[in-house]
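Protein chains in written order, with the working numbering: chain A, 180 to 925; chain B, 442 to 594.
C-beta atoms are modelled at their ideal positions from N, C-alpha and C, and glycine is treated no differently.
Source: prediction; values computed, not measured.
See below for the structure under consideration.
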Amino acid sequence: MGRLGTITRRTFLVGSAAIVGGVAFGLYKMATPHDNPLEDGLDEEAVTFNPWILIDSEKITLITPHADKGQGVTSMQAALLAEELDVEFGQFETSFGQPSAAYWNTAMADEGVPFMATDKSFMAESMRDVMGGVLKLMGLQGTGGSTSTPDSYEKLRIAGAMARETLKLAASKKFKTPVDQLKTRKAAVIFPGGKTLNYTELAADAALISPVQDVELRDPSEWRLIGKPMKRVDIVEKSTGILKYGIDQVQKDMVYATVKVNPRQGGDLKSYDATTAKTMPGVKKILPVTNGVAVIATNTWYAMQAVEEIDFEWGAAPYPAEQKDHWDRISKSFVEEKLDSEWRNDGDVETALRVGKVVTAEYRSPYVAHAPLEPLNAVIRVTDDTVELWSGHQMPRMLQRIVGNVTGHDASQVIFHNLYMGGSFGHRLEMEHLKLVAEIGKQMRGVPVKLTYSREEDFAHDFPRHIAMGRGQGTVQDGKVEAIDLEIAAPSVINSQMGRAGLTIPGPDAQIAAGSWNNPYKLPNYRMRAYRVDELAPVSSWRSVGSAGAGFIFDSFLDELIHEAGADPMVERIRLMGDEVSKAVLETVAEMCSWGQSLPKNKGRGVAFVESFGVPVAEVVEVTNTNDGIKIDKVWIACDVGKIIDPVNFENLVQGGVIFGLGHAMNCEITYSDGMAEQSNYDSFEAMRLSQCPEIFVKGLENGAKVRGIGEPPVPPAAPALANAIFAATGKRLREMPFSKHIDFV
Amino acid sequence: MKIIVNGKAFEVNVSPDMPILLVLRDDLNITGPKYGCGIAQCGACTVHVDGIALRSCQLPIGDLKGEVTTIEGLGTPSSLHVVQEAWIEHQVAQCGYCQSGQIMQAASLLDKTPNPTDEEIEKEMSGNLCRCGTYLRIRAAIKSAAKNLENGE
Numbered sequence: 180m181g182r183l184g185t186i187t188r189r190t191f192l193v194g195s196a197a198i199v200g201g202v203a204f205g206l207y208k209m210a211t212p213h214d215n216p217l218e219d220g221l222d223e224e225a226v227t228f229n230p231w232i233l234i235d236s237e238k239i240t241l242i243t244p245h246a247d248k249g250q251g252v253t254s255m256q257a258a259l260l261a262e263e264l265d266v267e268f269g270q271f272e273t274s275f276g277q278p279s280a281a282y283w284n285t286a287m288a289d290e291g292v293p294f295m296a297t298d299k300s301f302m303a304e305s306m307r308d309v310m311g312g313v314l315k316l317m318g319l320q321g322t323g324g325s326t327s328t329p330d331s332y333e334k335l336r337i338a339g340a341m342a343r344e345t346l347k348l349a350a351s352k353k354f355k356t357p358v359d360q361l362k363t364r365k366a367a368v369i370f371p372g373g374k375t376l377n378y379t380e381l382a383a384d385a386a387l388i389s390p391v392q393d394v395e396l397r398d399p400s401e402w403r404l405i406g407k408p409m410k411r412v413d414i415v416e417k418s419t420g421i422l423k424y425g426i427d428q429v430q431k432d433m434v435y436a437t438v439k440v441n442p443r444q445g446g447d448l449k450s451y452d453a454t455t456a457k458t459m460p461g462v463k464k465i466l467p468v469t470n471g472v473a474v475i476a477t478n479t480w481y482a483m484q485a486v487e488e489i490d491f492e493w494g495a496a497p498y499p500a501e502q503k504d505h506w507d508r509i510s511k512s513f514v515e516e517k518l519d520s521e522w523r524n525d526g527d528v529e530t531a532l533r534v535g536k537v538v539t540a541e542y543r544s545p546y547v548a549h550a551p552l553e554p555l556n557a558v559i560r561v562t563d564d565t566v567e568l569w570s571g572h573q574m575p576r577m578l579q580r581i582v583g584n585v586t587g588h589d590a591s592q593v594i595f596h597n598l599y600m601g602g603s604f605g606h607r608l609e610m611e612h613l614k615l616v617a618e619i620g621k622q623m624r625g626v627p628v629k630l631t632y633s634r635e636e637d638f639a640h641d642f643p644r645h646i647a648m649g650r651g652q653g654t655v656q657d658g659k660v661e662a663i664d665l666e667i668a669a670p671s672v673i674n675s676q677m678g679r680a681g682l683t684i685p686g687p688d689a690q691i692a693a694g695s696w697n698n699p700y701k702l703p704n705y706r707m708r709a710y711r712v713d714e715l716a717p718v719s720s721w722r723s724v725g726s727a728g729a730g731f732i733f734d735s736f737l738d739e740l741i742h743e744a745g746a747d748p749m750v751e752r753i754r755l756m757g758d759e760v761s762k763a764v765l766e767t768v769a770e771m772c773s774w775g776q777s778l779p780k781n782k783g784r785g786v787a788f789v790e791s792f793g794v795p796v797a798e799v800v801e802v803t804n805t806n807d808g809i810k811i812d813k814v815w816i817a818c819d820v821g822k823i824i825d826p827v828n829f830e831n832l833v834q835g836g837v838i839f840g841l842g843h844a845m846n847c848e849i850t851y852s853d854g855m856a857e858q859s860n861y862d863s864f865e866a867m868r869l870s871q872c873p874e875i876f877v878k879g880l881e882n883g884a885k886v887r888g889i890g891e892p893p894v895p896p897a898a899p900a901l902a903n904a905i906f907a908a909t910g911k912r913l914r915e916m917p918f919s920k921h922i923d924f925v
Numbered sequence: 442m443k444i445i446v447n448g449k450a451f452e453v454n455v456s457p458d459m460p461i462l463l464v465l466r467d468d469l470n471i472t473g474p475k476y477g478c479g480i481a482q483c484g485a486c487t488v489h490v491d492g493i494a495l496r497s498c499q500l501p502i503g504d505l506k507g508e509v510t511t512i513e514g515l516g517t518p519s520s521l522h523v524v525q526e527a528w529i530e531h532q533v534a535q536c537g538y539c540q541s542g543q544i545m546q547a548a549s550l551l552d553k554t555p556n557p558t559d560e561e562i563e564k565e566m567s568g569n570l571c572r573c574g575t576y577l578r579i580r581a582a583i584k585s586a587a588k589n590l591e592n593g594e
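Okay, here's the thing in structure tokens:
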């Protein structure tokens, strides 16, 4: 990767850069699907430039800057580049590249504006363009919000096509053959008559000419790769144990560290006594860090053993010590002065609530930890001039600034090696472990240190998904749902998360009620108000963010109303649906499961629909009420992402998302006592095991106008579909996750 | 202390109560076995000791009797074990962090029970946690591997 570091944006402004006999291609001018007049006034340098393709005399390297947490974006990005570049899997290497503003995420704007994904109005589209411009200026390189595919879908194909056309031009000049007589295939230019020249043989010549800017993307009918099953680039390494994650990194003369920080998150350290720990085997040093202590040893295990022998006196938590007080604060926040936004006020709810049968209900969604299987870790080496850092992270540029602030280096001096991650689910958006490793590295100047969190420390410092409470009032009449008046109160996850990064985000937090305010139903009367609860425990984005809680609340309440009306849960949802793409998703899942067929007495089915990250998703869960508890038998899921890049990875991710949603809804929560999380390992936070895993039937539709990501959207409908199925099977309505508090699972 | 891993003998100078997981990872730089929970709840650290699948986070080196095989010793990209072949064919992995342990557990299962029933698969594999939720592919891959074993591959 060292060579790539030498590619500067300025170099590219004057053409493709010569890199020791090679050539790097990128986009000079970004094509956008919408003409945005605001972009015209921007400094050209802020838009560009970004190298994605590096070819030298030996090999082709595709840069895949979106971080891979397991969702397979390395292969996805490579496939988009390779499609237009005309290279095959096996003919290139991939690299996560160096952090760069050039890799700003073009798709995050869609999630950053307070408009429904189905809203294509001038105002909504203009705001998306404005937000896109802001992100572009910030150079915000980030992976999250299911944006990797929408960000890459067009941009990387253009990058591939530019490189291909430039290579053809170079071949044309060198061998005096008109460009239009040249073809490309399998990483080679093909001349009339069949002679071929490999890209690697053309690299030096291509480096001398300006890259071709005007390219036309191929018609989808010509695609070789996109939409067809692919073999993931990481699959062999991940099946043979040789892939090196962050936790597997080794540097020469490296020492091993672990930390213990006040488990009352944000509380201080009053004092500690490390007399015993200092004398333990393998211990080299005991260092103070913010609100805690680090132990440096010759082996991670020695460090973890020693830190347990330190006596700590911890300060109090800056939030209520007991869980019931968290709920109490939320319960008291349904008041005018806490109103964050009245997102919807369709029809006339006040009047509608006076007619027909009134239903009321209250729902709770708990704190939930991310708990990816690879605990937090990083390797650091701090010297006077540089900080070198190895870890897997979703925000590579932001971390350079934050780590540099700790060590006293400029962000440009922080060399970050991004790595494959053993899961994240949002955990690796956070910076606290990197601040700590920076504090350690600063005190161990010159010595490489690997920090590994124990699983218990990881749980104690997992900023969980925010808790939320929902209160609904609604009416039904003549077998139909007439009105919903829904209120949701929750702390602001955006405020909590961005606050830790030193940023303030103005305006309402769309995530407090995501999955509720933005659903595409067309109810005759619908009011949706979100209340912002003063910060409680620090919280973070958890796979699908607000939609996991608020989607459960909305869909569960809708289901209650439909049952009260005596209507069919599927038929009534379809009748109420105001968006054609979403309606097709519901109709598809109904067809997949033969909805309406009679079931044995102890079985029940529930349907749920939640749109998140622009993806409408409908799920049907079928359960059996056995003598030992609820058994989840089958799940059918239909969703629409506009275009599926790789059907194999798509199915795997969707099934995994369903399992993630079901497993946490079944039995996972984080609760606080004495200011500390009560769950510290997988014995008390189990989610789903293989023996509980249902059959899951997946269908992806491609009717949506925009291409979307699928990492998160399958999660939110899983919980309400399960609760609705349990109601159908048992008559028991579950209004609080995890459901294991109220019912047993097999 | 002596430890034999993947057919090679090593001499290590560590406390006898150190779990072999950390001996392998930090002293021998054999990183296929993963640290996930430290309390035998996730199975990411699964290795074979004389062919039996064990949680290496729970086995102190001082108590080790037998030869250790890790995922690196089970098969390599150029010489895959039948279970690894099936894992690749079904593209099981997402993040892949648990898969070393899953594969070692599955290899041990098929060694004892070459043609396992659904119940036997569930019983054997439910101690191995996958946070990404690849369970359906794990099931399918085990069945493929069993079939390939039966066909004498």
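M916 of chain A counts as buried, since no fewer than 16 other beta carbons sit within 10 angstroms of its beta carbon. Among the CB atoms of chain A, one or more fall inside 7 Å of the CB of T472 of chain B. DSSP places E516 of chain A outside any beta strand (DSSP E), giving it a letter other than H or E. The DSSP-derived three-state label of K299 of chain A is coil. Going by DSSP, P826 of chain A is part of the alpha helix (DSSP H) stretching over 826-846. About 3 Å separates the Cβ atoms of I512 of chain B and G420 of chain A, confirming a contact at the 8 Å cut-off. With respect to chain A, the C-beta atom of S585 of chain B has no partner C-beta closer than 7 Å. For Q656 of chain A, the enclosing beta strand (DSSP E) covers residues 647-656.
With a 10 Å radius around the Cβ and a threshold of 16 neighbouring Cβ atoms, P699 of chain A comes out buried. Any Cβ of chain B closer than 7 Å to the Cβ of L598 of chain A would place that residue at the interface, and such an atom is absent. Taking 7 Å as the cut-off, the beta carbon of T240 of chain A is found no closer than this to the beta carbon of V412 of chain A. Assignment of H549 of chain A by DSSP, reduced to helix, strand and coil, places it in the coil class. Approximately 6 Å separates the beta-carbon atoms of I811 of chain A and V800 of chain A; this is inside 8 Å, confirming the contact.
Along the stretch 532-552 of chain B, going in chain order, the ones with a CB nearer than 8 Å to a CB of chain A are Q532, V533, A534, Q535, C536, G537, Y538, C539, Q540, S541, I544. In the three-state reduction of the DSSP assignment, P293 of chain A falls in the coil class. Distance from the CA atom of R403 of chain A to the CA atom of D825 of chain A, rounded to whole angstroms, is 12 Å.
If you check the CB distance, A349 of chain A and D235 of chain A do not come in under 7 Å.
For M855 of chain A, DSSP records a beta bridge to A:S852.
Here H742 of chain A carries a helix assignment [DSSP, helix/strand/coil]. Taking CB atoms only, L555 of chain A has no neighbour in chain B less than 7 Å away.
For R578 of chain B, the C-beta contacts it makes with chain A under 7 Å involve N831, in order along the chain.
With contacts defined by Cβ atoms closer than 7 Å, G821 of chain A and G883 of chain A form a contacting pair. When secondary structure is reduced to three states using DSSP, V453 of chain B falls in the coil class, being assigned neither helix nor strand. By the neighbour-count criterion, in which 16 or more other beta carbons inside 10 Å mark a residue as buried, K701 of chain A falls on the exposed side. Nearest CB-CB separation between A485 of chain B and chain A: below the 7 Å threshold. In summary, V534 of chain A is exposed, with fewer than 16 beta-carbon neighbours lying within 10 Å of its beta-carbon over all protein chains present. Per DSSP, reduced to three states, the secondary structure at H921 of chain A is coil, with no helix or strand assignment.
Unbroken alpha helix (DSSP H) runs of no fewer than 4 residues, entirely contained in the stretch 678-751 of chain A, are found at 725-744, following chain order. When beta bridges are read from the DSSP output, F642 of chain A appears opposite no residue. A729 of chain A and P895 of chain A have their C-alpha atoms spaced approximately 9 Å apart. Between V827 of chain A and chain B, the shortest Cβ-Cβ separation is below 7 Å. For P467 of chain A, no alpha helix (DSSP H) encloses it; the enclosing beta strand (DSSP E) starts and ends at 462-468. Interface with chain B (7 Å Cβ-Cβ cutoff): I414 of chain A is included. The beta carbon of F839 of chain A sits closer than 7 Å to some beta carbon of chain B. T539 of chain A sits exposed, since fewer than 16 C-beta atoms from the chains shown fall within 10 Å of its C-beta. Here the stretch 290-309 of chain A does not lie against the stretch 596-616 of chain A, with fewer than 3 beta-carbon pairs under 8 Å apart.
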